[in-house]
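In this note's numbering, the protein residues as written are 3 to 285. For each residue, glycine too, the CB sits at the ideal point set by N, CA and C. As the structure is a computational prediction, the values presented were derived from the model and not from experiment. Encoded as structure tokens, the structure appears first; notes follow it.
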């Protein structure tokens with residue numbers, strides 16, 4: 003039996019304050035309270051009210067899941083419900099996600115949870131991942147493994163070094179900002195993947211080698227030519243559910259006309275192949 007005690011609420015508050023790199027004075031000013039009261043809360047000499055826990059959590063921008071943990075540590079019931087995406091309660095969310103994914107076709111788009119596991123995707127994403135082996139797709143694909151694993155997109159990336167550095171920095175930032183042990187384990191796993199040199203031995207032209215003005219591009223080599231894409235990410239505004247607060251949708255867009263045409267062809271091919279498989283299964 004695990005006899006370890008959960009950290010006291012004061013310890014958790016102090017950890018979050020330090021993670022946000024705030025002094026007691028700075029947090030007290032932001033929260034409009036006294037440094038003395040904040041010190042008493044962190045050392046356990048005073049017990050925070052439920053309202054104070056929620057207030058400090060908001061000021062510190064603590065994720066909803068961890069806000070519930072703080073409330074429990076302080077002896078209060080959780081404030082935010084956690085629903086399964088398949089629950090009837092989340093029907094409107096599923097409809098919104100499905101609408102966004104389909105409306106973005108033929109360009110790739112996918113929905114991820116807090117661990118960057120893909121929970122839903124569109125046909126553009128299916129076409130993009132067509133050559134990724136099954137062991138990276140089942141039971142649930144993870145974005146960092148799909149992109150950085152040697153058996154994943156990494157083997158086809160033209161700017162592998164650039165993409166790897168960007169993705170690792172992205173994951174490191176999330177580990178630091180959340181303190182999540184599972185995200186840290188994911189980071190420790192993917193950082194051990196081989197770090198290949200960029201494979202672009204013959205750049206098509208100088209303009210193609212310029213960095214994207216938006217962010218690091220995803221440049222993928224295919225038998226039909228090189229694709230160049232960038233992505234944007236969207237989240238739900240003002241979520242009151244833990245699951246909803248941890249969902250994000252990433253949308254990919256072509257950086258040039260050739261990529262645009264190629265994505266259309268790939269998705270058309272994937273759609274025909276899917277229809278053929280469906281017809282075969284009925285006979």
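Simplified DSSP assignment, three categories, for residue 113: Residue 113: strand per DSSP, three-state reduction.
How is residue 123 classed by DSSP in three states: helix, strand or coil? Correct three-state label for residue 123: strand.
Would you identify the three-state DSSP class for residue 232, choosing helix, strand or coil? Strand at residue 232.
Quick check: the Cα distance between residue 273 and residue 107, rounded to an integer number of angstroms? Looking at the two C-alpha atoms, the distance is approximately 12 Å.
Residue from 217, 178, 167 with nearest C-alpha to residue 194: Checked all of 217, 178, 167; the closest Cα to residue 194 is 167.
What separation, rounded to the nearest whole angstrom, lies between the Cα atoms of residue 99 and residue 125? Residue 125 has its alpha-carbon roughly 14 Å from the corresponding atom of residue 99.
What do you get for residue 77, buried or exposed, if any count of 16 or more other CB atoms within 10 angstroms of its CB means buried? By the 10 Å Cβ count, residue 77 comes out exposed.
Going by DSSP, which residues form a beta bridge with residue 251? In the DSSP secondary-structure assignment, residue 251 is bridged to 113, 236.
Going straight from the alpha carbon of residue 169 to that of residue 270, what length do you get? Looking at the two C-alpha atoms, the distance is approximately 29 Å.
If we count the other Cβ atoms within 10 Å of its Cβ and call it buried at 16 or more, is residue 101 buried or exposed? So residue 101 ends up on the exposed side.
Is residue 222 helix, strand or coil by DSSP? Reduced to three states, the DSSP call for residue 222 is strand.
Proximity of residue 158 and residue 223 at Cβ, strictly below 8 Å: Between residue 158 and residue 223, the C-beta spacing is below 8 Å.
How would you call residue 27, buried or exposed, if buried means at least 16 neighbouring beta carbons within 10 angstroms? With fewer than 16 Cβ atoms within 10 Å of its Cβ, residue 27 is classed as exposed.
Determine the extent of the alpha helix (DSSP H) in which residue 100 is found, giving its start and end residues. It spans 93 to 105 - the alpha helix (DSSP H) in which residue 100 sits, taken as one unbroken run.
Alpha-carbon to alpha-carbon, residue 129 and residue 136: One C-alpha to the other measures close to 14 Å.
For residue 81, which residues of its own chain have a beta-carbon under 7 Å away from its beta-carbon, when the five flanking residues on both sides are left out? So the list reads 56, 69, 70, 73, once near-sequence residues are dropped.
What residues match up with residue 144 in a beta bridge as DSSP calls it? Note: residue 144 is bridge-paired with 119 in the DSSP secondary-structure output.
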